[in-house]
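Following: one structure in structure tokens, then a few remarks.
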Amino acid sequence: MPPSSGTSDSDAPRPARTPGWEPRDPTLTPPPPPARKSRPRRLLRTLLWLLLLGTLLLAGAFAAGYLLVEIPPANAAAVAQSNVYLYRDGSTLARDGETNRENVRLDRVPLTVRRAVLAAEDRDFHTSRAVDPKAMVRAAWNTVTGKGRQSGSTITQQYVKNYYLGQEQTLTRKAKEFFIAIKLGREKSKEEILQGYLNTSYFGRNAYGVQAAARAYYGKDVEDLDTAEGAYLAAVLKAPSAYDVTTHPENRAKAVARWNYVLDGMVTEGWLTRADRATAAFPTPQTARPATGLSGQRGYLVQAVEEYLTGHGIIDEKTLAGGGFRITTTLEPAKQDALVQAVEDRVMNRLDPANAPADRYVRVGAAAVDPATGKVLAMYGGVDYTQQYVNNATRRDYQVGSTFKPFVFTAAVQSGAQTQHGEPITPYTVYDGTNRRPVEGWSGSPYDPANEDDESYGEIPVGAATDLSVNAVYAQMAVDVGPGHVRRTAVSLGLPGSTPDLTASPSIALGPATASVLDMATAYATLAAHGRHGRYSLVERVSRDGREFGLPAPEARQAVTREAADTTTSILRSVVETGTGTAAQTAGRPAAGKTGTAEDDKAAWFAGYTPELATVVALMGQDPESGRQEPLYGALGLPRINGGGAPAEIWGQFTREALAGTAPRDFELRLMPGAEELPPVPPMPDGPDGADGGDGGAGGADGRDDAGDETGEAGPGASAPGPRVSPSPGPSRQ
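Have a look at this one:
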């Protein structure tokens, strides 16, 4: 209907809008906003694209790696070279000989031996692929999270590393190993790969391959190995030197545990019956027979250097065995010769095993350390490396006896310890030295150690108790200081925290711990250096093919206060001047030291130092056939062997010759409060031979040493108490 007036529609009034009303005219309604995608959907789509892109990149990298990485010829380490070892002055010390290798066909290796290796290294070898990505990721994760360094490698990968590549731990090598292993797994059968692995693996004792290992460990061909022997060889693959129980008897428990792991794995896989497993006995290998090129002391020195390099992570064991290294040691030839000569003169030339059966048991170990640098300058490992394989300077299976007592006194001064009666512990503090006196203030089992020969001393000051090595005094002092603190102090001075029998109890003071001669030399060098400890070093330089290998920094630190170390030195000087170590006076210069004897006289020690040189010498008793520790009663024609006899004599002669041509230096001591009133040390005799050092402890050297945690050092006429009392003349107790 037309409008009734001349106005337009736009001028007509519009109805009022009610709440919630929307006009139906689309021209009056604004277009709706575009729908927005939800954030989760966009994120998911981005992740999917990234995953696809990552997959494409990985596939491309895999394809490129597979195409580009070829199977190379055998590496140089597959035909190993000799390593060259040099003295500090550059002269040749030794070459470690040619590689011992003999390849055999797989059918010569008994099935049980093959299965033992698989149980130890790769139980799924026959059913799995050449590489195991899951195991590699798991091993990498365990390494990163501190659960132990693991390779995650299959036997195929290990064979590739042994024969085609090398032992270096780099991403490039791991990548090559991955692709070569895949190709090798497609081109060679499982039997071919296992044969190659068994022929290239390093078993220790310079033995490459299972045939060489069978000869080195059991003196037989591989086909004659039984299941137990095969399981042991499989076990040593993980850590060849560490699991060699004749070289490192202290690691026997770990080696046996690994051997059990291998046999149990064979049972789990159905390769060995439970009945056969139950009857298996641990097959102790024969004594190692090193190459004749390492005869005399050379083999011991090379062995110690190799353990230093591998133990400090400088070179891994298999890479070092691959050869080609030029290694300059810290050892000085003149001092090395002087140490060997001193042992020959004072012990070896006096042995008469035909008439004295105990002389068959005598072993000698010695080590000398520069206190200023921590460098090992000389070492004596045994009579001959080709006759006695175990290094007496580095083994950790003989008690150190009373040579541990100075660490107790050092801990007392370091901590400001007091007696049970509240008196500060100084060289003049009086203790009760009665034999079998129970310690006071100890909450554990009752403990009442005996003194040497059950001697009682009554009231005796610490200084005199140190001269005479009174066990009753030092056991109580350990309780007063706190056995835990004594242990921490010994470790801080240089003993490894893993030292066997280094237990925080009153007996710790009497030396049941079985630290090595080198460990003790390092700790005594810390005392000589006024309490400053530097990590010991045996190597100055390592190179191969022009490449230099980094060495650990010295990291010298103040282990104990100077006052604690110097006050200990002051009472140890008296041991040399008037106590059990008078034979050390033959050095002809100011010296400090301590004697010690292991339980049942199975070892006798002298540990001492001058300001320039710290040296520890030990005589050890061991049956050459059984390897069992034996007492030294009757050795060297003496009723007893003690630290004040032959060990102190060796120390005196070596120190005199090693420092010949240098002016004697006195100790510059800064003593604890209350120790300054010590009387002066008697003047040194004129000339190196002016002191009556005794002849093997039979009269001159008192040699009153303790016996582990049960006996102690006594002295003639020593029952009279008093500070710094010199023992009156009397018959020597040997």
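Under the numbering used here, the residues of the sequence shown are numbered 235 to 968, in order. Note that CB positions come from ideal geometry on N, CA and C, so glycine has one too.
| query | result |
| --- | --- |
| Do Tyr691 and Ala712 have their C-beta atoms closer together than 9 Å? | no |
| Which residues in the same chain as Ser242 place their Cβ atom closer than 8 Å to its Cβ, once the five residues preceding and following it in sequence are excluded? | Interpretation of Ser242 is limited by its pLDDT of 45, a score under 50 that renders its predicted location unreliable; the figure taken from the coordinates is listed afterwards. Within the same chain, Ser242 has no close Cβ partners at all. |
| Could you give the residue range of the alpha helix (DSSP H) that holds Ser649? | Lys639 to Ser649 |
| Below 8 Å on the Cβ atoms is my guess for Ala747 versus Val574; work out the distance and round it to an integer in Å. | 28 Å between Cβ atoms; not a contact. |
| When the Cα of Thr519 is compared with those of Ala448, Gly545 and Arg363, which residue comes out closest? | The question names Thr, but residue 519 in the sequence shown is Pro. Considering only alpha carbons, the answer is Ala448. |
| Out of Arg807, Phe638, Ser435 and Arg275, state which residue places its alpha-carbon closest to the alpha-carbon of Asp900. | Arg807 |
| CA-CA distance, Glu789 and Ala724? | 18 Å |
| Can we say the segment 818–836 touches the segment 724–742, given the rule of at least three CB pairs closer than 8 Å? | no |
| For Glu782, list the residues DSSP reports as bridge partners. | Ser777 |
| Buried or exposed for Lys609, going by 16 or more other Cβ atoms inside 10 Å? | buried |
| Assuming Gly877 and Pro865 are in contact, meaning their beta carbons sit under 8 Å apart, how far apart are those beta carbons, in whole angstroms? | That belief does not hold up - the Cβ atoms of Gly877 and Pro865 are roughly 15 Å apart, past 8 Å. |
| Shortest alpha-carbon distance to Thr563 belongs to which of Gln392, Ala818 and Thr326? | Thr326 |
| Under three-state DSSP, which class holds Trp676? | coil |
| From Leu345, Arg671 and Thr812, pick the residue whose C-alpha is nearest to that of Ala825; which is it? | Thr812 |
| Tell me the rounded alpha-carbon separation between Ala509 and Lys488. | 24 Å |
| How about Leu528 and Asp330: do their beta carbons lie closer than 9 Å? | yes |
| Less than 9 Å between the C-beta atoms of Ala576 and Gly871, yes or no? | no |
| Out of Arg796, Ser703, Asp550 and Thr737, which has the shortest C-alpha to C-alpha gap to His719? | Thr737 |
| Just the C-alpha distance for Gly842 and Gly599, rounded to the nearest angstrom, thanks. | 14 Å |
| Could you check which residue in Ala350, Ala601 and Arg904 has the C-alpha nearest to that of Ala755? | Ala601 |
| Ends of the alpha helix (DSSP H) at Ala837? | Run containing Ala837: none in the alpha helix (DSSP H); it sits in the beta strand (DSSP E), Ala837 to Tyr843. |
| Hey, would you say Thr544 sits closer than 9 Å to Leu506, going by beta carbons? | no |
| Which value, in whole angstroms, describes the spacing of the CA atoms of Arg769 and Lys422? | 49 Å |
| Assuming Ala749 and Leu729 are in contact, meaning their beta carbons sit under 8 Å apart, how far apart are those beta carbons, in whole angstroms? | 5 Å |
| Taking buried to mean at least 16 other C-beta atoms within 10 Å of its own C-beta, is Pro605 buried or exposed? | buried |
| Can you check which of these residues, Asp688, Ser732, Asn685 and Tyr708, is closest to Pro695 by C-alpha distance? | Tyr708 |
| How many Å lie between Thr1006 and Pro587 at the Cα? | In the structure as shown, the chain starts at 235 and stops at 968, and residue 1006 therefore has no counterpart that could be examined. |
| Which of the three DSSP states is assigned to Ala851 in this structure? | Here the sequence assigns Val to residue 851, which means Ala is not the residue at that position. Val851: strand per DSSP, three-state reduction. |
| Ignore the nearest five residues each way along the sequence and tell me which others in Arg348's own chain have a CB closer than 7 Å to its CB. | Leu428 |
| If we count the other Cβ atoms within 10 Å of its Cβ and call it buried at 16 or more, is Thr361 buried or exposed? | exposed |
| Please go through the segment 547–625 and give each complete beta strand (DSSP E) segment of 3 or more residues, from N-terminal end onward. | 560–563, 596–603 and 610–614 |
| For Lys472, which three-state DSSP category applies? | coil |
| Take Arg981 as the anchor and find which of Thr553, Arg342 and Ala757 has the nearest alpha-carbon. | Because the chain is modelled from 235 through 968, residue 981 falls outside the range shown and cannot be assessed. |
| Measuring only the C-alpha atoms, how far is Leu277 from Leu284? | 10 Å |
| Would you give the residue range spanned by the alpha helix (DSSP H) that Leu428 belongs to? | Lys424 to Thr434 |
| Fully enclosed by the segment 469–525, which alpha helix (DSSP H) runs are 4 residues long or longer? | 486–502 and 508–513 |
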